[in-house]
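J.: Mind having a look at this structure? Questions to follow.
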Amino acid sequence: MTVSPSNGSMNRMTHATTDPSESLAAALGRVPSGLYVLTARNGDDETGMLASWVQQCSFDPPQVSVAVNNQRYVLDWLQDGAVFVLNVVPEGGKALVAHFGKGFSSGEPAFEGLEVTRERGIPPVLLAAHAYLVCHVANRLTVGDHTLIVGRVTAGAVLHDSKPTVHVRKNGLKY
């Protein structure tokens with residue numbers, strides 16, 4: 000890539016494709032993220048969903064942001080003060096990715112066949128997770144086709160001496 004000395008603009012790089020939207024999709028997909036299973040509870044109902052757009056966003060108080068697709072029913076559960084758990088998928092955690100990657104309908108048992116721990120007032124913690132964070136919804140912001148949920152982290156622990164999964168997509172414009 001070169002910078003033009005006359006106006007500071009970048010010259011177009013040579014790409015295998017000439018379609019600018021494909022180039023953008025490929026570049027955006029290279030933004031690395033982790034993989035997480037967000038668990039939530041609403042009354043007696045509980046569910047889990049795969050999340051990849053998660054980022055720590057504050058030290059004091061400790062907070063994280065999670066992007067949730069606006070079409071997900073769990074978004075209705077994640078109102079101010081609601082508790083959710085972010086379970087960090089470990090490197091090699093393909094079974095968790097396969098289990099939660101398919102998605103669950105409301106009322107469908109999301110934790111069948113998995114080892115979890117349940118404590119009063121806290122959604123399930125996956126025992127196969129690398130680590131977990133207990134969060135309380137502190138803020139919400141709709142951003143396009145997703146809503147950012149900001150969670151104040153109130154508890155957490157590392158469960159296994161492993162590494163978290165690092166996820167890179169081929170296309171940053173779709174899952």
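Once you know that position 152 of the sequence shown is 151 in numbering that gives the first Met the number 0, the rest is easy, because the numbers rise by one and skip nothing. A virtual CB, placed ideally from N, CA and C, is assigned to each residue, including glycine. Computed from a predicted structure; not experimentally measured.
Would you tell me roughly how many angstroms separate the C-alpha atoms of Lys-101 and Val-142, rounded to the nearest one?
T.: 24 angstroms
J.: Counting C-beta neighbours from all protein chains within 10 Å, is the total for Ala-39 16 or more, i.e. buried, or is it exposed?
T.: buried
J.: Going by CA-CA distance only, name the one from Gln-70, Asp-44, Ala-25 and Lys-162 that's closest to Ala-109.
T.: Asp-44
J.: For Leu-140 and Cys-134, what's the separation of their Cα atoms in angstroms?
T.: 16 angstroms
J.: State the Cα-Cα distance for the pair Glu-118 and Val-82, rounded to the nearest angstrom.
T.: 12 angstroms
J.: Quick check for students: name the residue ranges of the beta strand (DSSP E) that lie wholly in the segment 60 to 91, counting only runs of 3 or more.
T.: 62 to 68 and 82 to 87
J.: Could you pull the start and end residues of the beta strand (DSSP E) that Gly-47 belongs to?
T.: 44 to 50
J.: Do you know offhand how far Tyr-131's Cα is from Ser-22's?
T.: Roughly 35 angstroms separates the two Cα atoms.
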